[in-house]
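A.B. asks: Here the numbering used here is used: the first residue of the sequence shown is 2, the next is one more, and so on.
Every residue gets a Cβ at the ideal spot worked out from N, C-alpha and C, and that includes glycine.
Quantities reported herein were computed from a predicted structural model and do not represent experimental measurements.
Before I ask anything, here is the structure I am working with.
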Amino acid sequence: MDFKFSKEQELLREEFDQFFREEMKHAPEEWGAGGFEAMFHSDGGFAFHQEMKKKLAAKGWISKAWPKEYGGEDAPISEQMIFSMVHAYHRAPGIDAFGVGMFAPTLMVGGTEEQKAKLLPPIARGEVQYCQGWSEPDAGSDLANLRTQAIKDGDYYVINGQKTWTTGGHRADHMFLLARTDPDSTRSRGLSIFNVKMDLPGVEIRPILHMNKAHYTNDVYFKDVKVHVSELVGKENEGWNLTRQTMNFERSGIGGFISGERTVMELVEFAKTTTRDGKALWDDPLVKRNIAQLWADHQVGRSMAIRISWQQEKGGRVFSPALASASKVFGSELSQRVAYFMTDLLGQYGQISRSKWAPFEGEAPDAYQFCPAANIFAGSSEVQRNLIAWVGLGLPRFK
């Protein structure tokens, strides 16, 4: 299999690269190495994200592979993947990971034509910000245990319950919410997906502060929130099948591997230019060995993501959930190894954040503090390995 770009794809990659090189010169100081904290914590970071979103939308890059009738260009998914690679390398903002990356493809698979025509164009134009309403205090990796209810009352559903770890909820215009529409159902039965405006009466958002006091996740409470029946995505009580599709979109993607590649190359440069006891760190064979292993593993992850893109292109956006789970668990655990090694290599400098003395724009302490959650969010590594066994290998389920 040849993973090289064609001449046309290389020209497209260069166009993306030139754009981001220029635009990222204007990043605010608080943007640092990017990510959800940079995007949602400070007003300046979120404003930069919103500004970039509008620029990307004007070029048609947000929705390049979408159907034209929904604001896209009908481009091959491979072109969207090339954009994602360059965007991730530059650690740029401007992509709504929840609206563009998760809700929109789910809507294309399971939404009505009216919903697609209404909800997809504003996402493509960069006019709205989404968040994800899934996890609850007693329903994280065991998502089917959720308790938030949406009970039909005439032309409305009345929502009561709580969602937690809602990334960007305090900045979002909409939430795609998973709730129980059949109160007598258990587990995955009786669940439905809704498009919920965050400014509706009865929606309350409370911040969750992380170890470094950053605010980018939230608890969201719903008290008698009324949502019109037209905001139900797909069929009532059949939301779990759509949710599984959304999980595949959430767990796949090439961005994390490309961003990680850049970090590894920065580690190489740091090791070559930093001396301890009169010798460059690069001269230590253990340093070389660890960096080489991290680089090789990122190439494996890149190949997995490219394979998913190929499956999407061939299968109408549908691809193997086992492959999505494999990419998720491999990428999560790889990001942890990068964070741990980076902190070890930097020594005391690995504890400095938001300082002119901080290497890698202060990425090390943030990555070290964040990475323990990597194999928990979006489905724990244990859950992913079960899915790989059941769906990918056909092994029997435990009882």
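Closer than 7 Å by C-beta to Lys-289: which residues in its own chain qualify, once you throw out the five before and the five after it? Chain order, please.
C.D. replies: Cβ neighbours of Lys-289 beyond the five flanking positions: Trp-283.
A.B. asks: Relative to the C-alpha of Val-234, which residue among Pro-208, Thr-247, Asn-196, Asn-219 is closest?
C.D. replies: Asn-196
A.B. asks: With burial defined as no fewer than 16 other Cβ atoms inside 10 Å of the residue's Cβ, what is the status of Thr-276: buried or exposed?
C.D. replies: exposed
A.B. asks: What are the start and end residues of each continuous alpha helix (DSSP H) run of 4 or more residues lying completely inside the segment 301 to 377, in chain order?
C.D. replies: Runs of alpha helix (DSSP H) with 4 or more residues, each lying fully within the segment 301 to 377, are found at 322 to 347, 364 to 371, listed in chain order.
A.B. asks: Let me check one thing: in DSSP terms, what residues is Tyr-158 bridge-paired to?
C.D. replies: Lys-153, Val-228
A.B. asks: Suppose the cutoff is 8 Å on Cβ atoms and the five residues either side in sequence are ignored; what does the same chain contact list for Tyr-341 look like?
C.D. replies: Tyr-369, Cys-372
A.B. asks: Does the distance from the CB of Tyr-131 to the CB of Phe-99 come in under 9 Å?
C.D. replies: yes
A.B. asks: Report all residues from its chain with a CB closer than 8 Å to the CB of Gln-246; omit the five preceding and five following residues, and keep chain order.
C.D. replies: Pro-106, Thr-107, Val-110, Gly-111, Val-319
A.B. asks: Inspect the CB distances between the segment 296 to 312 and the segment 251 to 266 and report whether three or more fall short of 8 Å.
C.D. replies: yes
A.B. asks: Taking the alpha-carbon of Gly-33 as reference, which of Pro-94, Tyr-222, Met-103, Ser-64 has the nearest alpha-carbon?
C.D. replies: Pro-94
A.B. asks: Assuming Ser-310 and Ser-79 form a contact by the criterion Cβ under 8 Å, report the distance between their Cβ atoms to the nearest whole angstrom.
C.D. replies: Ser-79 and Ser-310 do touch by the CB rule: their CB atoms are close to 6 Å apart, below 8 Å.
A.B. asks: Can you confirm whether the segment 55 to 71 touches the segment 230 to 244 when touching is taken to mean that 3 or more C-beta pairs between the two stretches lie within less than 8 Å?
C.D. replies: no
A.B. asks: Answer yes or no: do His-175 and Asn-219 have a C-beta to C-beta separation smaller than 9 Å?
C.D. replies: no
A.B. asks: Check for me: the beta strand (DSSP E) holding Gln-10 runs from which residue to which?
C.D. replies: Where Gln-10 is concerned, there is no enclosing beta strand (DSSP E), although the alpha helix (DSSP H) it sits in stretches over 8 to 24.
A.B. asks: Taking 7 Å as the limit between beta carbons, can you name the residues of its chain near Ser-326, skipping five residues before and five after?
C.D. replies: Arg-252, Gln-385, Leu-388, Ile-389
A.B. asks: At which residue ranges does the segment 63 to 102 contain complete alpha helix (DSSP H) runs of 4 or more residues, listed in the order of the chain?
C.D. replies: Runs found: 78 to 90.
A.B. asks: Quick one: using the 10 Å Cβ neighbour count with 16 as the cut-off for buried, is Gln-181 buried or exposed?
C.D. replies: Note that residue 181 is Arg in the sequence shown here, rather than Gln. Looking at its Cβ environment, which holds 16 or more other Cβ atoms inside 10 Å, Arg-181 is buried.
A.B. asks: So is Arg-190 buried or exposed if we call it buried at 16+ other beta carbons inside 10 Å?
C.D. replies: exposed
A.B. asks: Closer than 6 Å by C-beta to Ala-145: which residues in its own chain qualify, once you throw out the five before and the five after it? Chain order, please.
C.D. replies: Arg-188, Ser-189
A.B. asks: Using CA coordinates, which residue listed in His-50, Lys-65, Met-25, Glu-31 is at the minimum distance from Leu-13?
C.D. replies: Closest in C-alpha terms to Leu-13, from the list His-50, Lys-65, Met-25, Glu-31, comes Lys-65.
A.B. asks: Excluding the 5 residues preceding and the 5 following Tyr-222 in the sequence, name in chain order all residues of the same chain whose CB lies nearer than 6 Å to its CB.
C.D. replies: A distance below 6 Å between beta-carbons, with the five flanking residues on each side excluded, links Tyr-222 to the following residues of its chain, in chain order: Gln-163, Glu-205.
A.B. asks: For Asn-238, tell me which candidate among Lys-153, Thr-264, Asn-213, Ala-28 has the shortest Cα-Cα distance.
C.D. replies: Lys-153
A.B. asks: Looking at Gly-332: is its Cβ nearer than 9 Å to the Cβ of Met-343?
C.D. replies: Annotated as distal: Gly-332 and Met-343, with beta-carbon spacing of 9 Å or more.
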